[in-house]
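Novice:
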Amino acid sequence: MSFSSPQDGGHALDLSAGEACGLPVFGVAVHYPAGHVVPLHHHPYGHVIYADRGLLRVEAESGQWLVPPTAAVWLRPGVAHRLVVPVSLQACGLFVREEVFDRLPTVDCVVHVSGLLRELIMALSRVDDPTASSRRMHLLGALLVEELHTQPVLPLHLPWPMGENNPMLRVCQTLLDNPGDAATATQWANRLSMGDKTFHRRFLRSTGMTFGRWRQQLRLMSSLTLLMQGMPITQVALASGYDSHSAYSTAFSKQFGQPPSVFVATR
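Offset between the sequence shown (1-based) and the working numbering: plus 11.
1. May I have the straight-line CA-CA distance separating G206 from L115, to the nearest angstrom?
2. If you draw a straight line from the C-alpha of P271 to the C-alpha of M179, how long is it?
3. What's the call for V273, buried or exposed, on a 16-neighbour Cβ count within 10 Å?
4. Once DSSP output is grouped into helix, strand and coil, what is the label at V111?
5. Hey, is the stretch 179-192 in contact with the stretch 99-109, meaning 3+ C-beta pairs nearer than 8 Å?
6. With distance defined between alpha-carbon atoms, name the residue in D119, V39 and N201 nearest to S73.
7. Let me check understanding here. Comparing Cα to Cα, which of L249, E110 and S217 lies closest to V156?
8. Would you tell me roughly how many angstroms separate the C-alpha atoms of L237 and Q246, rounded to the nearest one?
9. In whole angstroms, what separates the C-alpha of G152 from that of D254?
10. What residue from G65, V59, A71 and G46 has the CA that sits closest to H52's CA?
11. Buried or exposed: where does L127 fall if 16 or more other Cβ atoms within 10 Å of its Cβ makes it buried?
12. According to the Cβ coordinates, are A262 and Q227 closer than 8 Å?
13. With 16 as the cutoff for other CB atoms within 10 Å, does Q198 come out buried or exposed?
14. Using DSSP's beta-bridge definition, name the partner residues of A71.
15. For the beta strand (DSSP E) containing H42, list its first residue and its last residue.
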């Protein structure tokens, strides 16, 4: 299954031309309105997902990724995922055949998008006929693989508990719905009828992160959406569970390498 297009009534896009061309990398570009959701689907290829503006959320069973215009998600073949579009944006999807996987990430991740990588993604995803210049497309695809290989992985992944009966799912989903929720680990342990140590141990085992670290990661990632929607930084800080602009800015800078004011100015 491929990207679901609102212009096509929400049906899967036709990737037959790209699949038939035999090129190692081919792609599509689709405009999504704010609030659009692409249902759960998967691809037999490696998948690069990029939004040239706005902010895109990619959800899979193992976690969630946020994709600002300076980053792209890499997913291995067969990984089921859905797309959530908080603001209107243009999404680019590239499909990479396994024959060129040698230099690509072995895990699903978010990578930095350099200026060159951005232009390569745009060029490869906006070709009406991928067979029109197969030599050029081969070269662009090869260069894209090399450029992806050199990009650093970014801390924009939020691990998700596995298993329908895992009580940590309730915790994570509640916090996802309301990142500013101030309930402590002890309060959550009481709600789930377990001791503090048991709660912390099970949360760490379920997500690979401590409760406090996971919640901060969620708050910071969720705050990116509010910033992209134009909410003032102080309001974003309070809505995300921080006591002040300065506390939020410090945490944001530590996580993303720049203060929220710079992120907003360059979005």
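By construction, the Cβ of each residue, glycine as well, lies at the ideal position given by its N, Cα and C atoms.
Specialist: Concretely, from the data shown:
1. Position 195 of the sequence shown, counted from the first residue, corresponds to residue 206. Position 104 of the sequence shown, counted from the first residue, corresponds to residue 115. Near 43 Å, if we compare the C-alpha coordinates of L115 and G206.
2. Counted from its first residue, the sequence shown places residue 271 at position 260. Counted from its first residue, the sequence shown places residue 179 at position 168. Taking the straight line joining both Cα atoms gives about 30 Å.
3. Counted from its first residue, the sequence shown places residue 273 at position 262. V273 comes out exposed.
4. Counting from one through the sequence shown, the residue named residue 111 turns up at place 100. DSSP places V111 in helix when its eight states are reduced to three.
5. no
6. Counting from one through the sequence shown, the residue named residue 73 turns up at place 62. If we check each option's Cα against that of S73, D119 comes out closest.
7. The residue labelled residue 156 in the question sits at position 145 within the sequence shown. Of the candidates L249, E110 and S217, the one whose C-alpha sits nearest the C-alpha of V156 is E110.
8. In the sequence shown, the residue the question calls residue 237 occupies position 226. In the sequence shown, the residue the question calls residue 246 occupies position 235. About 9 Å.
9. Numbered from its first residue, the sequence shown carries residue 152 at position 141. Numbered from its first residue, the sequence shown carries residue 254 at position 243. So the alpha carbons of these two residues sit roughly 47 Å apart.
10. Indexing the sequence shown from 1 puts residue 52 at position 41. Residue A71 is the option with its Cα nearest to H52.
11. As a working mapping, residue 127 is identified with position 116 in the sequence shown. Burial call: exposed.
12. For the purposes of this step, residue 262 is identified with residue 251 of the sequence shown, where counting begins at 1. For the purposes of this step, residue 227 is identified with residue 216 of the sequence shown, where counting begins at 1. Yes, Cβ-Cβ distance for A262 and Q227 is below 8 Å.
13. Against the sequence shown, residue 198 aligns to sequence position 187. By the neighbour-count rule (16 or more Cβ atoms within 10 Å), Q198 is not buried but exposed.
14. In the sequence shown, residue 71 corresponds to position 60, counting from 1. G74 and H92.
15. Counting from one through the sequence shown, the residue named residue 42 turns up at place 31. Run containing H42: V36 to Y43, per the beta strand (DSSP E) assignment.
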